[in-house]
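Participant: Encoded as structure tokens, here's the structure I'll be asking about.
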Amino acid sequence: MNKTCQICEKGSLKAIVEWIDVDYEGHTSKIKSRLAKCDFCGSEQADNSDVTENKRAMTAFRKQTKATSESMR
Ligand SMILES: [Zn+2]
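Each residue of the sequence shown is one higher than the one before, starting from 1444 at the first, in our numbering.
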């Protein structure tokens, strides 16, 4: 179920996962970021489900950060 790249229309998109650095209220962490990369032109793109998944990871990180900083008070 490879998708064709919308940009070059030659390559196919491969799903990859990257660890990205995030910070929130002075706390830093790494979260997984889902995206797809074209094996021909190398452009990175995220489809709707990737974006939703990435937002969820970011929200979870923020919640965890909040809980951690509140428990330290
Ligand atoms: Zn491409």
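From the three backbone atoms N, C-alpha and C, an ideal C-beta is built for every residue, glycine too.
In this text the structure is predicted, and so the values were computed from the model without any measurement.
Relative to ligand 1, is the shortest distance from any of its heavy atoms to the C-beta of ILE1450 smaller than 7 Å?
Facilitator: Remark: the C-beta of ILE1450 is in contact range of ligand 1, defined as less than 7 Å to any heavy atom.
Participant: Given this structure, state the Cα-to-Cα distance separating ALA1510 from TYR1467, to the nearest angstrom.
Facilitator: So the two alpha carbons sit approximately 12 Å from each other.
Participant: Can you list, in chain order, the residues of its chain whose CB lies under 8 Å from that of LYS1473, leaving out five sequence neighbours each side?
Facilitator: TRP1462, ILE1463, ASP1464, VAL1465
Participant: Relative to the alpha-carbon of GLN1449, which residue among ASP1482, GLY1469, VAL1460 has its alpha-carbon at the smallest distance?
Facilitator: ASP1482
Participant: Should SER1512 be labelled buried (16 or more other beta-carbon atoms within 10 Å of its own) or exposed?
Facilitator: exposed
Participant: Following the continuous alpha helix (DSSP H) through LYS1498, name the residue where it begins and the one where it ends.
Facilitator: 1491-1514
Participant: Put CYS1484 into one of helix, strand or coil per three-state DSSP.
Facilitator: coil
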